[in-house]
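Enquirer:
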Amino acid sequence: KKVNEQSSTAKIFFHRSRIKSDLKGAKALVKDWASNCDMDLREITVSAFNTYYHAVKKYDEKELTIHVVASDMSDDPGNIHIAFRCWDKPAVRHGAEEDIKKAEELLWAEERRVE
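Residue numbering for the sequence shown is 469 to 583, as defined by this note's numbering.
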């Protein structure tokens with residue numbers, strides 16, 4: 469399975485990447501991203517190895533949810549895998565795609581991106 473991947477289909481916009489961080493640092497980056505993009509970040513599930521969020525924002529009068537998961541993978545120590553998914557149709561999710569690209573920029577800054 470690729471660790472840095474992006475996919476855009478009629479059903480989903482998906483982005484996954486791997487960064488040098490621990491789970492606490494990754495959660496702080498996700499919170500910074502949501503704040504910078506004026507999103508309502510809702511922590512849905514927390515476990516010892518991952519945190520699942522809904523990032524909610526209105527785009528062109530339609531409220532969309534970006535599903536975000538930050539995971540500490542036991543087989544990849546010192547790195548965190550972060551995935552973003554938007555299940556809305558391409559015609560309405562353009563703004564969400566742009567915000568996910570902003571997340572990439574923040575996550576990959578300061579040489580955090582792992583290939």
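Even glycine gets a Cβ: it sits at the ideal position worked out from N, Cα and C.
Taking the alpha-carbon of residue 502 as reference, which of 566, 580, 530 has the nearest alpha-carbon?
Expert: Here residue 502 refers to the residue found at position 34 when the sequence shown is read from its first residue. Selected option, being the one with the closest Cα: 566.
Enquirer: At which residues does the beta strand (DSSP E) containing residue 540 begin and terminate?
Expert: As a first step, residue 540 is located in the sequence shown; it is residue number 72 there, counting from the start. 530-540 is the extent of the beta strand (DSSP E) around residue 540.
Enquirer: To the nearest angstrom, how far is the alpha carbon of residue 497 from that of residue 481?
Expert: The residue you call residue 497 lines up with position 29 of the sequence shown. The residue you call residue 481 lines up with position 13 of the sequence shown. Distance between the alpha carbons of residue 497 and residue 481 is about 20 Å.
Enquirer: For residue 577, does the three-state DSSP call read helix, strand or coil?
Expert: On the sequence shown, residue 577 is found 109 positions in, with the first residue counted as 1. The answer is helix: DSSP assigns residue 577 an H, G or I state.
Enquirer: Let me check understanding here. Comparing Cα to Cα, which of 514, 549, 522 lies closest to residue 572?
Expert: If you number the sequence shown from 1, residue 572 lands on position 104. Closest option to residue 572, Cα to Cα, is 549.
Enquirer: Is it true that the segment 504-512 meets the segment 541-555, where meeting means three or more beta-carbon pairs spaced less than 8 Å apart?
Expert: Output reads no: the segment 541-555 does not touch the segment 504-512.
Enquirer: Residue range of the alpha helix (DSSP H) that residue 500 falls in?
Expert: Start at 1 with the first residue of the sequence shown, and residue 500 comes out as number 32. Element bounds for residue 500: 491-504.
Enquirer: With a threshold of 7 Å on Cβ separation, who are the neighbours of residue 580 within its own chain once the five nearest residues in sequence on each side are excluded?
Expert: Sequence index remark: in the sequence shown, residue 580 carries index 112 (1-based). Once the five neighbours on either side are set aside, the close Cβ partners of residue 580 are 487, 488, 489.
Enquirer: Three-state secondary structure (DSSP) at residue 488?
Expert: Looking up residue 488 in the sequence shown gives position 20. In this structure, residue 488 counts as strand in the three-state DSSP scheme.
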